[in-house]
Structure formats: C-alpha cells, structure tokens
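There are 2 protein chains.
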Amino acid sequence: MTYTNCWLTYPLLVDETGKTIAVSSEFTGPVADSALEELKAGFGGMYRRSVASVAGEADIALKKNEKIHPEGYRVTAGNGKVVLESGGERGMLYGVFSLLRQLQLSGGSFNDFSWQQDTAPANPLRMLNHWDNMDGSIERGYSGSSFFFENEEVVVNQRTKDYARLTSSVGINAVVINNVNVVKAASWLISDRYYGKLRQMQEIFAAYGIDLYLSINFAAPMELGGLTLSDPCDPGVQQWWKEKAKEIWQKLPGFGGFLVKADSEGRPGPFTYGRTHADGANMLADAVAPFGGKIIWRCFVYNCRQDWRDAKIDRPKAAYDNFMPLDGQFRDNVILQIKNGPMDFQVREPVAPLFGGLKHTNMMIEFQIAQEYTGQQRHVCYLMPWFRQVLEQDMCVPGVPSRVADLVSGRSYGNQNCGMAAVANTGNDLNWTGHDLAAANWYGFGRLAYDMTADPLDIAREWVQLTFGSNAQVVDTLTAILMDSWPAYEKYTSPLGIGWMVSPNNHYGPSVDGYEYDRWGTYHRASHRGLGVERGRTGTDYCRQYNEPLCSLYENVDTCPDELVLFFHRLPYTHRLKSGKTVIQHIYDTHFEGAEMAEGFLSKLEAIKNLLPEDAYDRMHQRLQHQMEHSKDWRDIINTYFHRISDIDDEQGRKIYD
Amino acid sequence: MTYTNCWLTYPLLVDETGKTIAVSSEFTGPVADSALEELKAGFGGMYRRSVASVAGEADIALKKNEKIHPEGYRVTAGNGKVVLESGGERGMLYGVFSLLRQLQLSGGSFNDFSWQQDTAPANPLRMLNHWDNMDGSIERGYSGSSFFFENEEVVVNQRTKDYARLTSSVGINAVVINNVNVVKAASWLISDRYYGKLRQMQEIFAAYGIDLYLSINFAAPMELGGLTLSDPCDPGVQQWWKEKAKEIWQKLPGFGGFLVKADSEGRPGPFTYGRTHADGANMLADAVAPFGGKIIWRCFVYNCRQDWRDAKIDRPKAAYDNFMPLDGQFRDNVILQIKNGPMDFQVREPVAPLFGGLKHTNMMIEFQIAQEYTGQQRHVCYLMPWFRQVLEQDMCVPGVPSRVADLVSGRSYGNQNCGMAAVANTGNDLNWTGHDLAAANWYGFGRLAYDMTADPLDIAREWVQLTFGSNAQVVDTLTAILMDSWPAYEKYTSPLGIGWMVSPNNHYGPSVDGYEYDRWGTYHRASHRGLGVERGRTGTDYCRQYNEPLCSLYENVDTCPDELVLFFHRLPYTHRLKSGKTVIQHIYDTHFEGAEMAEGFLSKLEAIKNLLPEDAYDRMHQRLQHQMEHSKDWRDIINTYFHRISDIDDEQGRKIYD
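Residue numbers (the numbering used here), protein chains in the order written: chain G, 284 to 941; chain V, 284 to 941.
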C-alpha cells in the first residue's frame, strides 16, 4: 500500500538538527496525541528537529481558552515561540495544522517565523460525502476503488489514518463513508455485522476531530428488521428506529448521524406510505435526538421518469416545489442538504432557489468535488472559484443577510445545524484523486468550508506550494493552470448555462443530444431557430422561485447574466449577448478558446517538467494530453452540431467540420 | 425445462385411432431413426395413429434413388399411400418433415391427402451462426440465455435434440454453436476439455443431418498451444493447426469446420504479422482439408476507430477494399461469409458490392435473424420479405446469372462451397425466440435457404398455420401482421436507407445522433440543409464498387431507388422523391404511418384473443403493446429531430413536439 501524502509533505526547509522543539499542552486525549504526532512529523520533516512534550516553559504552548470557539484558534508566533489557544481540542488541532502549513509556506527557519491568526470556522458542519460502495466500487468515483470498503467489508488500516490526517488538516469535521444509494450489504452497516470495524474507524476519525456519519436505507426496518413496512408514522417502525439508534450509539459512542437519500431516483422513502419528507426525517430525528444525532436529508428529489414531450414539467423546480411547503415542519436536528444548483452539479447553474426560500429549516449546501460533470478528474477543473461564486450569491431574502454563505453558515437565521458538504473525490489511487491536480479540490473545499472568505487563488497557490514546493515557476504555472481550469472547462463544454450536453450514464464526453429525448428532464431543445428553455413567466415560470429582485433579474433577458442566459431563456442564435457577441458566435468562440486553453495547460506543464517529481509529472502530463485531445472533441462536436443546426458560419472562418 | 414446440405442434386433425401406418424404409442409421420417430410423433399427434416399420407393402415407403439430390426428395402421395424417394438420408428426412407439414396444412384425413413434390436445396450450405458465449450469455441475444453453454460448460440435454429437430425440419444442415468473438473458455472448445460433450451434441445433430461447426480464435496457437505467435506463414503455427485439425476430426468425426472472425473489431488475425486474409484462411484450410473441413472466413472487416471528422473514409467500402484484391487467392475449401449489406444488418441497405465483385472465390451470404437492429425480438419484424429482396438483387456481373441468389447458391460460377447463413435468434426462453412471432424468422430462414424462390407470404402463412392452427382469422391476422412488420419497422425507424439512428451499444431505441460523432463510421451528417452521405463520384465514390449499370443507377439521384436514396446521396430536405414527396415530408409521413401500423398490430391481435392460447397471446400482447409505445417514441423523436433541424413543418399539420 503506497500512496502520496498530498499536501502534507513537510519537505526539508532548514536543517536545524539538534534543536528540540519543546511543546506544552493543556489538552489530553487522542486529539492532543494527534496534534503532537503531527508536530513531530512536521518539525522532523521541515527542520529535522525532534519534538518533546514538556510541562513548563515551551517553544510551542497549546492552551485552552474557553473564549475561543472550540473549533477555532488564536495563534501568536514569533522569535521561536508559538502560543496557540483554542476553546477545544479540534480548534487546537486545526491550529497545529495551520502552524505547520504556515511554516512550510514561509520557507525559512523556525526562529525567523512570525505569524498571527485569530479564527473560527464559518460553518458548523464541514462535511465530506463519500459515495463508496461496499463492493469497493465508488459511484462517480474517478480515483480507483474505495479505501473504506472491499468485498462487503469495512477496511481499516494505515490509509484510514492518513485519510483522516489529510481531511482534518483542512478543517473537515464530519465524514459520511458510504454511498447515499444504500443497497445490499450497506444496509447492514447499522448492525452487529459491521460495528466492530466501524468502531475502529470511528476512533481513528475521532482522533482527528472527525465525526463518523452513515448513509442509511429508509427501508431498513423491512430489510434488517423484518418489518412489513417502513412507514414513518407506524409506531412499530418508529420503535425499531429508536432501538436501532440506541444500539448504534451504544456501539459507536460519538457517532454523528444519518445521511438520507429518500424518494429520490428510485430509493425508498416516506412517499410510499403517503407521508411527507418531514414525516420521514422527523421520525428518524426523534430516534437519534436522545444521543445528539443529526439527520441530514437530501433534497435531490425530482421526477426522473419525465417525458421529454412534456414541456410543462421543469426539473429545476422540483426541490423547491417538494420542500417549500414543509418549511418549519422539520425537527431542529434535521438538516436539509441542498445541491448548489437546481439541476445536478453542472459546470454552471444558478443557485438553487430553495436556499432563498426556506426560513425555518436547517440547510446545508451540497457541492461535488468528484468531478462527475466537470471532467472526471481526467480534465483539470479546480472548482473553488465556482463554489466561491455560489457562496457569494445573494438570495435576496428580505431582512436578513442572505448570501448563500450567510444562509448555510447559520448567519441568516442563527441556525447551528448547517454548513457545507461535498461529494468526495478520493479513492485508492496512489495519488488519492486520480489527477494530481484534483487534490486541490479536496484541499480547497475544506479550506473554503472553514473560511468562506478565503480567496480561491490563495487556496490554489497554497495547495501548489504545499504539494509541489515553493519554486516560483512551479507555483505560478500550476496555480495559473488551476485558476484557468474551470473557465476553460466551461468554455469547451457547455455554453451559457445550458448544461447537460454529455454522454448519458457515464457523463463523460460530448453528446449534445445525449439527454435530449430521455427521461431525466434535462433538455436544451435546440432547433434551427434557437435553443434553451424559457423559464420566465412565458415559460415554465421557474424564475418565480427566486426572491425579488433576483427573479426579475433572471427573467429579464436584458439583465440575466450571460453565463446563465440559456438556462433561463430560449433564444435565437442571433440574439446579442451583453458581451456584444451573438449566441452562436459565443458558442464558436468559447469552444475554440477553451480547447486552446487546454492545449496551453499541456505546454505550460511541459515547461516545468524538470522542476517536478517525475512520477507526478508523468501522471499529470498523461491526463493533460488526454484533456487537450478530448477538449478538441468537445470543441468540434459542439461547434459542428450548432453549425449544422443553425446554418450560421463562424465569423472568423475557423475550421468547423461538416 | 419446459418450452414450446414452435411449429412442430402436430395438433389433432382427424381421429383415426386404430389404423396403424406401415412404413418401409431403405435407409438405416440415426437419420432414418429420426425420420421414423418424427413420423410417429406426427401421425400420433395428428391422427392418433401408430406407426410401424414393415419390410414389405407399406403406407409410406422411403426409398433410395441415386438420381435425386442427397438433400432433395421426390414425393408422390395419394389414396393413403406415400412414396418418398431421395438420394440421401438428409433428403429423406427433409421429405418426412415436409410430408408432416403438408398433412397438417391440408387438415384432412390421411386417406384424402394428395401431394406431389420434386425438390432439391437451392444452397449447399444452409447454416445458423449462434453467437452464444460459454458463460451462457448470448451476444445480441434477445431470447434468454444459451441452451448450448452454461458456466463455461457445454450443455447437452433434451433441448439440444428438440433444437436439432426444429432446425432440421426447415432444412438447415450446418450450425455454429459459439460466438464469432471467441474469448476465454471458448478458445478451448477445440481441446480435450470439451470434446466429450461436443461429441454428444454432434451425434444428436448428425441424427438430424446437421454438421457441427465451431468459431475459433485465430490466436489459438498462442492461447492453447503456448506458441509465441499465430503468424499463418510460420511453419510452427501451420504444424500446430495441422495437428489440432487431426485431433479434432479424430475426436469429432464428421465435424464441419471453422467459422473465423479475424482482424475485425479487435479480434486477432493475420494483419498482426503483415499477412493477408488469404494467408490466414488458406493456412487453416490446408490444415482441415485432409478431413473435408471447411473454413468460413467473415468479411466484416472495417476501421472501427474512425474519426467522424474524416469524411474520406467510408465504412461501406471496407469489405470490398479488403477482399477484392484477394479474389482467386483462396483455397477451394475457404468460403468468404459476407453480410448482406455493406454496413451491418440495418433495416435497409443496398446489397454488399463484394457479391458482384468476387469471381474466383467461394461466397456465402450472412443474414441476421437475431433482430439486433430490427426491434430485438420485442418488435415484430418478419425479415423474409427483406431477405428475398436481397436474394433477387441482380449484381449485374457480365456473362453470368448474377442475382445474389445465383451468386451464393453456386449457380453463377459452379461453386459447391457456398450458401446462406443467418445469425440465430434462439435462446432458452420458453418460446425459444422471445417474441412468439420471431420464430417465423427461424422457420422462414431455413425455408428460404432451401428454396430461394419461396414466397415470403407463403412461408409466413405456413408458419402461422403450423404454429397456431388453421383458423382462417388467426392465419389471416397473424400473417398480415408478419407481412406488414418489416415495412412498419422501416417506416417508424430509419428513413430512405439512412440507417443507424439507434442508441449506441445496445442498438435499441431511437437516438438520431447516437452514432453521429462516434468512431464507427456510421454517419447521417444531418444539417439544416439536408442529410445523407454522398457516395457517388462527387463523394466517397462507393458507387464504383458496383458493376454497371447498377453503379450508375445508384449514382444518379434520379434513378436511385427512393428506399436507398439517402444511403447513396446527400440531399436537401426539399428534394422531391420519385414518390412525389419531399424528403422531409417522407420522413414525417412514414413515421406517422409506421407508428399507426404498430398500433394496428396490437388491435389486430386483440381481435383474435379468444382464438389463441392464453399464454402465447399474453406474451405477444405484452410485446406488441411495448412496440406500439416504442414506435411512438421513434416517431416523435425522429420527427422532432428533423423538424427542429430543418425548420420545415409537416404539410398535414400533425403533432410534432418542439
């Protein structure tokens, strides 16, 4: 079992062999042990200095301070001394990881190092959702197989710990290890069959301040309990879950709770019994409440058997339509987990209007760093610029601060059960994420979830430096590639917010009509006259789910942002965008530009070949080479499709195939 | 193991219990035993009469007559007496099956029966190719699993025999039991691991006049023999095959030979070693020649990694380009097996030009009754009218009769090693063919291969009557459905010979652009201005592969038959066909008509519900119901696609979705 350390590399900075670092700590227990171990690894690696625990005078003093957030920290460092205070052990551990990061980024000797920070996490919950199956496969996994499961067994080994280190180092405090589609053996994770191994994993996670969560099968009372139904209003079902919860927390003390995909894409749920999502979620919430458990209930509910001929149903409306009527009906330990957009992790979507709708319900945002629709970790696509845009979007709720960042962090309504989740992008590949550059999304998501004001550019630079060292050319080059990657991917794939022009099922590669006549509600309806779906009042009226003035902004084609204009409107190819270009010329231009950018990534990488480890270079080169070729496929297929259908030539006369 | 008897039903016609039928026979051995057994089954079922072998005066006399073809027969029946003569046991058995068929069709008592026939098979080889895999799956199988293989073992049981009876009853004399894509265990069929079971199967087949053939792996010398190469010009490889052939015929005396898919869609072949197909085929031919073995070499060779942007490569040209230069180089026991069309079993294609090209090479035609592209045995699609059209096509070879029927039967050049093959449509479903009506293709193919002048309508009526009895309403209704089924399928799927507008991989259901930007060389290149590929001299020049005047007929858009016009030409939607309709109006009209026809099939079936066995009715009803709905999907998706791209409205103002 070999694998890289990703950004926890601790390369030698200054050889200060012989000078021990004395560390005092007011914290004890597994998390304190982890912190000390990490300090040893960091100082050993970066300075060849050993670390000793001391009781009194110390170089690094880890102190308790109840005034500081238990997951926050205050650091003062200078003249070879560090004082790190926190209200809790997690904050202390995060401070230690930050300290080591700052040391590495500073590059100099420990004695010259000077740093101050006083911080607390923006989001209570900062979560990864792994879609790992118990047979070892990963749904939408692009980095090898699962390191959590194999052959229907839970796997616990050194990699479990290193996963926890990496994840904790960026401030993630909760992890769901199994796929939201809970089938077969996975239904039995909440049974004696797996508690033993899960307890081992949980202890490792706990030592890094990570709460273990599990996805559960809503039909578990039938599948595990032998009951004849799973009706949330049935007293027998309620009792079964109460006893099950008691059992779980007995076997797994400190367990976090359940993630639930119910009545979604064929998964069981309360609808079967004529019950609401609130009935379903509250029943579970009541069962886990005595143990401080949380129920995270996904809002990815829509009609996945739509007839494309039916232009009245509009899939983006589904989450709002399903959940708005239930606002205020959920228990306080229920959190609705809402995908960032109303569709499904496209390269560009508007923000899901439900965020601006719900006022009396706990909400989390669900992002996806598994690049299902954004190049599947074969294309580089650094998503933090996109996520940051989403978080900055003001949902225009009257009377409260209502950027998405405010809403999901609890700032708007004072919620505690809220935060950010991301569908994870890891697997058992040597480099964890398939594409070495994809690790920037794992790193970046944690950093952004902890600090929603963080600049994606800073995060990128930081990650590059931590991973590949401080050579300026390397840092500048890879940071530039990362920062250009999402814009490039958007350009050569899906223009103006239209989305979905991908091959069905595998979601990789261009297929303009791939979903057009299918049952998934994802249509561009391109014809000779134009394309897009009209979602204003003359169309599906989806716009009405947004608060004013957002609703009008989107509805009015003159104010609707270019990048979303085909999401909200059906437009002729000759429509002139705010950029001054026509829709068709925008399509051609962006596709030529995007493929050129992808080609540029490759040559940029080649220019720093000698500055990178050979194996990492080879891996990245192979993928960027593929990306370059594949981006040309995207360019040519999209351009040809729209040239064929529109019969309008490229103004610049570039090659578009017939 | 229950399954139907298909057309060998032998229902009670007249109860003549007590009157024994005396049969004398000049034939002995397993085939003669089969004939007697079948007579017993037939007379027992249809007349409740027992059958007795006698030496002298007989009701039915089976006589040897060397003047008659060994697979032909001469029958005179009347006044309760039948004299059946043949030059061989196979002809005698075919005569017996014909006799029983005629008796059932006549419907009256044996004594009133009168019939005369003098016939011989049109084709030397009348063959089924099963694409069965040894794990029990069937490539392009739509009728359940294999009854030849299961769990990497050869299966021999009662069904093997009933398969042989059904197959022999329509005159098939050769069967390949395993998939042309020979991988894994199937490579080992020609080894001790399987000879025992194969011998059992072969004996059953032989008793019904069927020769056993196997598909082989061209790389067998490496996979089985441990050689380092499979170069057909390598003496070691040649020797290996010679010894292998000796071994096979020792273990399986009477074995037929090999079917070979080489250098096709990724299968190994002589190209690896810079050798030609002739080198490869002749090497095998020399190995099997001492034992009378045949090598059937498939011509389905094309570039399956084409770039859609490359408009110069034209897949239909591939077989001709690959094999014409080798004409005359093949041994006499090599037979090139050529698919009926230059593409791949589409609902409509021109005849493969190779048939009109090769003059010094044995040829067989390969049809497909597995309905891969024609509804997959969920849609009814009786293919004999189509096959008959193909056989009647004159390839215009100067100086010889050159209808396809002449060419493949050996009439044109006096070949003996030639004939017709079909990719089979059977599986272990209760009714053998998934759709009950699909058995008409199994039946019909055999009948047509034996007699290429047979009228598909007669074959259909005959099959219906044998399968479902003689009620006139049943016979008329089901025959009408069968006869309309191919035209209907063509109408609601692929217009004017364009083909390929199917979902990739599974080849089921409409997807106009499904293959458009893929690597398979199957493009319609539809744009706002028109569609089709120009294959005349201004285009890919594919037409030039046909002899004159066929070449000019196809090349001239004014003489090219409507049904193939988009195969040969790129045309604007407003082009007026010989029918008087524009291309676009033809598309709309045929799609509305085809779906209406499918709807008609269902109501026609419903009208005879009470006249059919309940289980057969239910199976057919379920499939015709699906076909009706699916044909509307086809109609709407194709019409919408072309309405969107052409921007031309239906003249009749029918509903086309936006």
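For glycine and all other residues, C-beta sits at the position ideal for the given N, C-alpha and C.
Because the structure is a prediction, the values reported are computed rather than measured.
Run the CB neighbour count on G/K544, radius 10 Å, all protein chains shown included, and call it buried at 16 or more, exposed below. For this step, residue 544 of chain G is matched to residue 261 along the first sequence. By the neighbour-count rule (16 or more Cβ atoms within 10 Å), G/K544 is buried.
Alpha carbons only, please: which of V/D930, V/E934, V/P573 is nearest the one belonging to V/D941? As a first step, residue 941 of chain V is located in the second sequence; it is residue number 658 there, counting from the start. For the residues V/D930, V/E934, V/P573, the minimum Cα distance to V/D941 belongs to V/D930.
For a test of the three-state rule: what should DSSP assign to V/I931, helix, strand or coil? In the second sequence, residue 931 of chain V corresponds to position 648, counting from 1. In this structure, V/I931 counts as coil in the three-state DSSP scheme.
Under three-state DSSP, which class holds V/S786? For the purposes of this step, residue 786 of chain V is taken as residue 503 along the second sequence, with counting starting at 1. In this structure, V/S786 counts as coil in the three-state DSSP scheme.
The alpha helix (DSSP H) spanning V/K525 covers which residue range? Working through the second sequence from its first residue, we reach residue 525 of chain V at position 242. Start and end: 518-534.
Would V/A809 pass as an interface residue toward chain G - the criterion being a Cβ-Cβ separation below 8 Å? Within the second sequence, residue 809 of chain V is the residue found at index 526, counting from 1. True, the Cβ-Cβ gap to chain G drops below 8 Å.
Rounded to whole angstroms, what is the Cα-Cα separation between G/F501 and G/A568? Start at 1 with the first residue of the first sequence, and residue 501 of chain G comes out as number 218. Start at 1 with the first residue of the first sequence, and residue 568 of chain G comes out as number 285. Straight-line Cα distance between these residues: approximately 13 Å.
Could you name the residues of the same chain whose beta carbon sits closer than 8 Å to that of V/V297, not counting the 5 residues immediately before and after it, in chain order? Residue numbering aside, residue 297 of chain V sits at position 14 when the second sequence is read from its first letter. Counting only Cβ-Cβ distances below 8 Å, and skipping sequence neighbours, we find M329, Y330, G391, S392, F393.
Measure how close the beta-carbons of G/L542 and G/N412 come, nearest whole angstrom, since I'm counting them as under 8 Å. Walking along the first sequence from the start, residue 542 of chain G turns up at place 259. Walking along the first sequence from the start, residue 412 of chain G turns up at place 129. That belief holds up - the Cβ atoms of G/L542 and G/N412 are roughly 7 Å apart, short of 8 Å.
Between the region 768-783 of chain G and the region 835-854 of chain G, can you find at least three pairs of beta-carbon atoms closer than 8 Å? yes
Going along chain G in order, which residues have a C-beta closer than 7 Å to the C-beta of V/D932? Taking the first residue of the second sequence as 1, we reach residue 932 of chain V at position 649. Within chain G, no residue comes near V/D932; the closest Cβ sits about 12 Å away, beyond 7 Å.
Per-residue burial, G/V459 [other beta carbons within 10 Å of its own, 16 or more giving buried]: Residue numbering aside, residue 459 of chain G sits at position 176 when the first sequence is read from its first letter. By the 10 Å Cβ count, G/V459 comes out buried.
Quick check on DSSP: helix, strand or coil for G/W471? Counting from one through the first sequence, the residue named residue 471 of chain G turns up at place 188. Correct three-state label for G/W471: helix.
Is G/D796 close to chain V? Criterion is C-beta to C-beta, closer than 8 Å. Residue 796 of chain G sits at position 513 when you count from the first residue of the first sequence. By this cut-off, G/D796 is an interface position.
Taking only beta-carbon positions, decide if G/R812 is within less than 8 Å of chain V. On the first sequence, position 529 is the one that residue 812 of chain G refers to. Yes, because at least one Cβ of chain V sits closer than 8 Å to the Cβ of G/R812.
For the beta strand (DSSP E) that contains V/L345, what are its first and last residues? Mapped onto the second sequence, residue 345 of chain V falls at position 62. 343-347 is the span of the beta strand (DSSP E), which, as asked, contains V/L345.
Run through DSSP, which three-state label would G/M903 get? For this step, residue 903 of chain G is matched to residue 620 along the first sequence. Three-state result, G/M903: helix.
With a threshold of 8 Å between beta-carbons, can V/I421 be considered close to chain G, or not? What you label residue 421 of chain V is simply residue 138 of the second sequence in a count that begins at 1. It does not; no Cβ of chain G falls within 8 Å.
What in chain V is Cβ-close to G/A594, meaning under 9 Å? Within the first sequence, numbered from 1, the residue matching residue 594 of chain G stands at position 311. Within 9 Å Cβ-Cβ: Y940, D941.
Over what stretch of residues does the alpha helix (DSSP H) that includes G/E876 continue unbroken? Taking the first residue of the first sequence as 1, we reach residue 876 of chain G at position 593. G/E876 -> alpha helix (DSSP H) spans 866-890.
With V/K600 as the anchor, note down where its alpha helix (DSSP H) starts and where it stops. Residue mapping note: residue 600 of chain V aligns to position 317 of the second sequence, counting from 1. Where V/K600 is concerned, there is no enclosing alpha helix (DSSP H), given that its DSSP letter is neither H nor E.
Short CB-CB distance (under 8 Å) between V/D919 and chain G: For the purposes of this step, residue 919 of chain V is taken as the residue at position 636 of the second sequence. Interface residue, yes.
Boundaries of the alpha helix (DSSP H) in which V/L507 is found, first to last residue: Counting from one through the second sequence, the residue named residue 507 of chain V turns up at place 224. Note, V/L507: premise wrong, no alpha helix (DSSP H); not H, not E.
Measuring only the C-alpha atoms, how far is V/E675 from V/A688? As a working mapping, residue 675 of chain V is identified with position 392 in the second sequence. As a working mapping, residue 688 of chain V is identified with position 405 in the second sequence. Approximately 6 Å between the Cα atoms of the pair.
Rounded to a whole number of angstroms, what is the C-alpha to C-alpha distance between G/F606 and G/A564? Numbered from 1 along the first sequence, position 323 holds the residue referred to as residue 606 of chain G. Numbered from 1 along the first sequence, position 281 holds the residue referred to as residue 564 of chain G. Their backbone Cα atoms lie some 12 Å apart in a straight line.
Just verifying my parser: in three-state terms, what is the DSSP assignment at V/D916? Translated into the one-based positions of the second sequence, residue 916 of chain V becomes position 633. It is helical.
Buried or exposed for V/A250, going by 16 or more other Cβ atoms inside 10 Å? Here chain V has residues from 284 to 941 only, and residue 250 of chain V is not among them.
Can you name the start and end residues of the beta strand (DSSP E) that V/Y726 belongs to? Indexing the second sequence from 1 puts residue 726 of chain V at position 443. Note, V/Y726: premise wrong, no beta strand (DSSP E); alpha helix (DSSP H) at 722-733.
Taking 7 Å as the cut-off, is the CB of V/R671 close to at least one heavy atom of the ligand SAH? By its list of ligands, the structure shown contains no ligand whatsoever, and the ligand SAH lies outside what it can speak to.
In or out: V/E655 buried (at least 16 other Cβ within 10 Å) or exposed? Here residue 655 of chain V refers to the residue found at position 372 when the second sequence is read from its first residue. Flag for V/E655 reads buried.
V/R859 to V/V866, Cα distance in whole Å? For the purposes of this step, residue 859 of chain V is identified with residue 576 of the second sequence, where counting begins at 1. For the purposes of this step, residue 866 of chain V is identified with residue 583 of the second sequence, where counting begins at 1. Straight-line Cα distance between these residues: approximately 6 Å.
Just to make sure I have the definition right: I need the residues of chain V whose C-beta is within less than 8 Å of the C-beta of G/I928. Which are they? Here the question's residue 928 of chain G lines up with position 645 in the first sequence. Result: S810, H811, R927, I928.
Report the start-end ranges of each alpha helix (DSSP H) in the region 554-642 of chain V that is 4 residues or longer and not cut off at the edges. 560-571, 601-606, 637-640
Quick one: what's V/Y356 bridged to in DSSP? Taking the second sequence and counting its residues from 1, one reaches residue 356 of chain V at position 73. DSSP output for V/Y356 lists V/T402 as bridge partner(s).
For V/D767 and V/K774, I'd like the C-alpha separation in whole angstroms. What you label residue 767 of chain V is simply residue 484 of the second sequence in a count that begins at 1. What you label residue 774 of chain V is simply residue 491 of the second sequence in a count that begins at 1. Those two C-alpha atoms are separated by around 11 Å.
So, are the CB atoms of V/G369 and V/M375 less than 8 Å apart? Stepping through the second sequence from its first residue, residue 369 of chain V is reached at position 86. Stepping through the second sequence from its first residue, residue 375 of chain V is reached at position 92. A small fix is needed here, since residue 369 of chain V is Ser in this sequence, not Gly. Cβ distance < 8 Å, so V/S369 and V/M375 count as in contact.
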